Amino acid sequence: MNILVVEDEVKVLTFIKKGLEEQLHNVSVAYDGRVGCKMALENEYDLIILDVVLPLVNGIEVCKEVRRFKPDIPILMLSALDTLSDKVQGLEEGADDYLTKPFHFEELLARIKAITRRRDMALPGTVLQVADLVMDCHRKVVKRNDSLILLSAKEFSLLEVLMANRDRVLSRVFIAERVWGISFDRGTNLIDVYINYLRAKIDKGFDKQLIHTVVGMGYVIKD
Ligand code: CA
Numbered sequence: 151m152n153i154l155v156v157e158d159e160v161k162v163l164t165f166i167k168k169g170l171e172e173q174l175h176n177v178s179v180a181y182d183g184r185v186g187c188k189m190a191l192e193n194e195y196d197l198i199i200l201d202v203v204l205p206l207v208n209g210i211e212v213c214k215e216v217r218r219f220k221p222d223i224p225i226l227m228l229s230a231l232d233t234l235s236d237k238v239q240g241l242e243e244g245a246d247d248y249l250t251k252p253f254h255f256e257e258l259l260a261r262i263k264a265i266t267r268r269r270d271m272a273l274p275g276t277v278l279q280v281a282d283l284v285m286d287c288h289r290k291v292v293k294r295n296d297s298l299i300l301l302s303a304k305e306f307s308l309l310e311v312l313m314a315n316r317d318r319v320l321s322r323v324f325i326a327e328r329v330w331g332i333s334f335d336r337g338t339n340l341i342d343v344y345i346n347y348l349r350a351k352i353d354k355g356f357d358k359q360l361i362h363t364v365v366g367m368g369y370v371i372k373d
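Going by the numbering used here, the sequence shown opens with residue 151, and the numbers climb by one from there.
Here it is as structure tokens:
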């Protein structure tokens, strides 16, 4: 794979670059957010590894900008910050996953595998449907009753997982692993927050509610 690593800490950058090159990946590097963003937009990469705290432009802004033009490129964010709000912000801006420093190289490799596997899952041209809700997974378009619904990258992924498993009750852990590639600590309400975002866009104003809460179990989408 062609991988871009944007990280200003030379030690961390060297560690990642060396490890990935041993795995026979081509690694390009940038030391600040401005150069990183420019490289990400001008070149074709299979994956971007992006630190949050960067000189000139921070990683969250870079992620947001890259997502605007390249909605499909896998982005893994790195940060020493380990609070839920940082995670949510990074993921909300379209990162596929989030890894907290310091980490073992094996963990980084596992995350990369998980991200690329998830990316491979979406089959081109797949259309999912539940009642009058229709998702074109390839074109990334969602419509209900023929009206276009605009979703963020994560809302789209969450809905995709629900719709691909229609009628099946999904646990929060299952959803967290599929959509964010991580197991959240018990007690965090990230999934519930995102389900509420989705409900506001998918179900609000319609007689028939499609997203259902199964108390103590999780969520299901059904007709
Ligand atoms: Ca940094």
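The beta carbon of each residue, even a glycine, is placed where N, CA and C say it ideally should be.
Computed from a predicted model, the values in this text were never measured in an experiment.
*Does I262 come within less than 8 angstroms of chain D when only Cβ atoms are used?*
You won't find chain D in this structure, because it holds only one protein chain.
*Does the pairing of the region 246-264 with the region 314-322 give three or more beta-carbon distances under 8 angstroms?*
no
*Would you check whether ligand 1 has a heavy atom nearer than 7 angstroms to the C-beta of V160?*
On the sequence shown, residue 160 is found 10 positions in, with the first residue counted as 1. Because no heavy atom of ligand 1 lies under 7 angstroms away, the Cβ of V160 does not count as near it: no.
*asked:* Just to check my reading of the structure: V179 and L163 have Cβ atoms closer than 8 angstroms, yes? What is that Cβ distance to the nearest angstrom?
replied: Residue mapping note: residue 179 aligns to position 29 of the sequence shown, counting from 1. Residue mapping note: residue 163 aligns to position 13 of the sequence shown, counting from 1. About 6 angstroms; that satisfies the 8 angstroms criterion.
_Going by DSSP in three states, D342 sits in which element: helix, strand or coil?_
Along the sequence shown, read from residue 1 onward, the residue named residue 342 stands at position 192. Note: D342 maps to helix in three-state DSSP.
_For D373 and L283, what's the separation of their Cα atoms in angstroms?_
One-based indexing of the sequence shown puts residue 373 at position 223. One-based indexing of the sequence shown puts residue 283 at position 133. Roughly 10 angstroms separates the two Cα atoms.
*Does the beta carbon of L204 fall short of 7 angstroms from some heavy atom of ligand 1?*
Reading the sequence shown from its first residue, position 54 is the one you call residue 204. Checking every heavy atom of ligand 1 against the Cβ of L204, one is found closer than 7 angstroms.
*Leaving out the 5 sequence neighbours to the left and right, which residues in its chain are closer than 7 angstroms to C187 when beta-carbon positions are compared?*
For the purposes of this step, residue 187 is taken as residue 37 along the sequence shown, with counting starting at 1. Answer for C187: V207, V212, E215, V216, listed in chain order.
*Taking Cβ to Cβ, would you say I225 is nearer than 8 angstroms to G331?*
Position 75 of the sequence shown, counting from 1, holds the residue named residue 225. Position 181 of the sequence shown, counting from 1, holds the residue named residue 331. The answer is no: Cβ separation not under 8 angstroms.
_Less than 8 angstroms between the C-beta atoms of L301 and Y369, yes or no?_
Translated into the one-based positions of the sequence shown, residue 301 becomes position 151. Translated into the one-based positions of the sequence shown, residue 369 becomes position 219. Their beta carbons are not under 8 angstroms apart, which means L301 does not touch Y369 by this criterion.
*Does DSSP put V185 in a helix, in a strand, or in coil?*
On the sequence shown, residue 185 is found 35 positions in, with the first residue counted as 1. V185 falls in the helix class under three-state DSSP.
*Who pairs with D286 in a beta bridge, going by DSSP?*
On the sequence shown, residue 286 is found 136 positions in, with the first residue counted as 1. BP columns for D286 point to V277, V291.
*Is there at least one non-hydrogen atom of ligand 1 closer than 7 angstroms to the beta-carbon of D201?*
On the sequence shown, position 51 is the one that residue 201 refers to. Yes, the beta carbon of D201 sits closer than 7 angstroms to at least one heavy atom of ligand 1.
*CB-CB under 6 angstroms to R349, same chain, minus the five flanking residues each way: which ones, in chain order?*
Stepping through the sequence shown from its first residue, residue 349 is reached at position 199. Cβ neighbours of R349 beyond the five flanking positions: I361.
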